[in-house]
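Shown next, in structure tokens, is the structure this report addresses.
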Amino acid sequence: MKTSSPAARPLHVVAAPAGLKGRVRVPGDKSISHRALMFAALAEGRTQITGLLEGEDVLRTAQAMQALGAEISRNVDGAGKVVWSVTGCGPQGLQEPARVLDMGNSGTGARLLSGLLATRPINTLMTGDDSLCARPMQRVTVPLSDMGARFVTRSGGRLPMAVEGTGNGKAITYRLPVASAQVKSAVLLAGLNCAGETVVEEPVPTRDHTENMLRHFGVPVRVEPLEPSAPQADTGKRISLSGPARLTARDVTVPGDPSSAAFPLVAALLVPGSDLVIETVGLNPLRTGLLTTLAEMGAALEIRNIRTEGGEQVGDLHVRAGPLKAVDVPAARAPAMIDEYPVLAVACAFAAGTSRLRGLGELRVKESDRLASTVALLQANGVEVETEGDDLVIHGVGARGSATTGAAIGGGQVRTRMDHRLAMSAIVLGLAGGKPVAIDDTSFIETSFPAFISLMNELGAGLQVP
């Protein structure tokens with residue numbers, strides 16, 4: 001069983017008539033929102049969540065946790081703030097759902113939920129939309145099978161998938177073959193219900209929202225240096241927890257999503273005359289690879305008012321339009337900005353010189369083959385680009401690509417392939433380029449950034465939705 005795709009929503013994008021200006025907040029962090037709902041559903045007591053991303057992906061996770069027995073409600077307080085209330089099931093309270101769990105387009109939701117279900121003595125069925133059902137799940141089902149769960153999938157390890165959980169889970173030590181916070185999180189979630197110590201070894205550090213939030217809910221998580229596998233190699237991490245573990249309800253404030261902030265941020269860098277402040281953006285050090293890279297490109301970008309909210313560092317980003325130079329991004333930075341590469345590639349197209357983005361093999365198994373889709377996006381709009389192995393090489397045109405100088409970039413037809421980040425990246429390119437850009441479908445932006453087009457219009461983008 002698969003869910004059908006929403007009706008296509010094409011968009012014709014022309015260059016922004018003036019600079020993008022104002023102060024905005026982007027939606028709550030998607031990674032943290034998924035985890036807040038899942039951990040609150042496992043906890044004893046009631047958790048209140050503010051700042052939750054209300055995109056389609058996260059709402060699917062909320063529906064799944066309700067189907068598993070958590071009580072979840074959305075309320076608006078006296079000050080007009082939206083608060084999600086979750087009464088958890090406790091360590092053994094998850095119930096077998098009466099229906100198929102439909103995760104829509106959410107790979108994060110599906111993979112984390114697989115870990116949560118793997119060591120619970122219930123049987124579940126999971127599906128998703130056409131895009132999610134094309135994505136392989138073996139990277140989580142392999143270690144989770146070692147912990148005692150059984151999975152039945154379509155060929156290639158794809159959804160729909162049956163999960164036969166176990167009440168006698170086996171704690172394991174698992175070394176990540178590929179840097180993936182989703183796989184790490186799935187194993188740790190399964191380990192919550194296993195007797196003994198569950199260990200994940202990651203040679204390359206990945207985003208640590210799961211570790212931070214487990215501690216927030218009262219679960220001790222130990223993080224130690226991992227001995228390097230080769231001389232002079234960067235030291236990774238050894239993450240461990242002891243089970244069975246109990247979670248205690250704690251309120252959560254979700255910071256703004258840095259991956260969502262990337263789109264208005266890059267647009268403001270590229271559209272002449274822009275002056276923009278993006279407030280309360282998450283600054284977790286394992287998520288700030290794009291900010292580091294843009295600084296190397298000479299971006300007019302300042303981080304202000306740095307503080308801590310809900311256990312995560314946040315700050316305000318002040319960005320102004322200006323010239324960019326080419327950059328060489330090391331492969332080791334990929335885990336800290338894996339979702340931002342399409343819009344970074346757009347920035348590189350408008351930079352002066354040739355940029356190389358290294359080690360992007362992980363992009364091939366995102367919502368689309370994001371590496372191929374990014375190449376197609378740029379080529380369709382007159383950018384010279386090629387791949388060399390897992391590297392992306394972009395020959396930027398500098399100021400010649402903008403609308404104010406006769407513009408070489410734009411004029412293409414973009415296929416988004418059901419990928420929200422491709423759609424938003426194409427919009428950014430169209431706003432900065434010199435020729436209109438036709439986008440086949442923007443409906444999937446709803447999965448992560450429901451108000452993206454209206455937010456951009458508030459800043460002066462002038463997007464016309466049919």
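171 is the number that the UniProt record's numbering gives to position 171 of the sequence shown; each next residue is one higher, with no gaps.
Quick reminder that beta carbons are idealized off the backbone N, C-alpha and C, glycines included.
Note that the coordinates shown come from a computational prediction; the quantities given were computed from them, not determined experimentally.
Query	Result
Can you tell me the Cα-Cα spacing of Val76 and Gln48, whole angstroms?	12 Å
For Asp275, does the three-state DSSP call read helix, strand or coil?	strand
State buried or exposed for His420, treating a residue as buried only when at least 16 other CB atoms are found within 10 Å of its CB.	buried
In angstroms with no decimal places, state the Cα-to-Cα distance between Leu378 and Thr87.	46 Å
Take the Cβ of His12 as the centre, count every other Cβ of all protein chains shown within 10 Å, and call the residue buried at 16 or more, exposed below.	exposed
Give the DSSP-derived three-state secondary structure of Phe151 in the structure shown.	strand
Does the beta-carbon distance from Lys432 to Ala267 come in below 9 Å?	The sequence as given places Ala at residue 432; Lys does not occur at that position. Going by C-beta atoms, Ala432 is nearer than 9 Å to Ala267.
Is Leu270 close to chain D? Criterion is C-beta to C-beta, closer than 9 Å.	Looking for chain D here will not work: only one protein chain is present.
According to the neighbour-count rule (16 or more other Cβ atoms, all chains shown, within 10 Å of its Cβ), is Glu388 buried or exposed?	exposed
Comparing alpha-carbon positions, which option in Gly165, Asp130, Pro121, Ser131 lies nearest Thr141?	Gly165
Return the bridge partner residues of His12 from the DSSP annotation.	Ala438, Gln464
Could you check whether Asp328 and Arg358 sit closer than 9 Å to each other, using their CB atoms as the reference points?	yes
Let me check one thing: in DSSP terms, what residues is Lys170 bridge-paired to?	Ala195
Quick check: the Cα distance between Pro17 and Pro121, rounded to an integer number of angstroms?	58 Å
Report the three-state DSSP secondary structure of Glu54 (helix, strand or coil).	coil
Pick helix, strand or coil for Ile122, following the three-state DSSP scheme.	coil
Let me know the secondary structure DSSP gives Ser131 once reduced to three states.	coil
For Tyr174, which of Ile338, Ser240, Gly218, Val223 has the nearest alpha-carbon?	Ser240
Would DSSP call Asp257 helix, strand or coil?	coil
Report the partner residues of Ser185 according to the DSSP bridge assignment.	Answer by DSSP bridge pairing: none, since Ser185 is not bridged.
Please check the pair Asp316 and Val277, which I expect to be a contact at CB under 8 Å, by giving their CB distance rounded to whole angstroms.	6 Å
Just mark Gly196 as buried or exposed, buried being the case when its beta carbon has 16 or more other beta carbons within 10 Å.	exposed
Using the Cβ count rule (16 or more neighbours within 10 Å means buried), how would you classify Glu56?	buried
Go ahead and label Ser454 buried or exposed: buried means 16 or more other beta carbons lie within 10 angstroms of its beta carbon, across all protein chains shown.	exposed
For Gly109, which three-state DSSP category applies?	helix
So Ala299 and Gly243 are supposed to be a Cβ contact under 8 Å. How far apart are they, rounded?	In fact, because the Cβ distance is near 44 Å, the residues do not count as touching under 8 Å.
Applying the criterion that 16 or more other CB atoms from any shown protein chain within 10 Å of the CB defines a buried residue, is Val465 buried or exposed?	exposed
What does the alpha-carbon distance come out to for the pair Val383 and Gly396?	7 Å
Where does Lys30 fall in DSSP's three states?	helix
State the Cα-Cα distance for the pair Tyr341 and Arg246, rounded to the nearest angstrom.	38 Å
If we require 4 or more residues per run, which alpha helix (DSSP H) segments fall completely within the stretch 350-375?	none
Per DSSP, Asp328 is paired with what?	Arg356
Check Ala162 in the structure and name its three-state DSSP category.	strand
Buried or exposed: Arg250, going by 16 or more other Cβ atoms within 10 Å of its Cβ?	buried
To which residues of the same chain is residue 473 closer than 7 Å at the C-beta, ignoring the five residues directly before and after it?	Since the first residue shown for the chain is 1 and the last is 466, residue 473 is missing from the structure and cannot be characterised.
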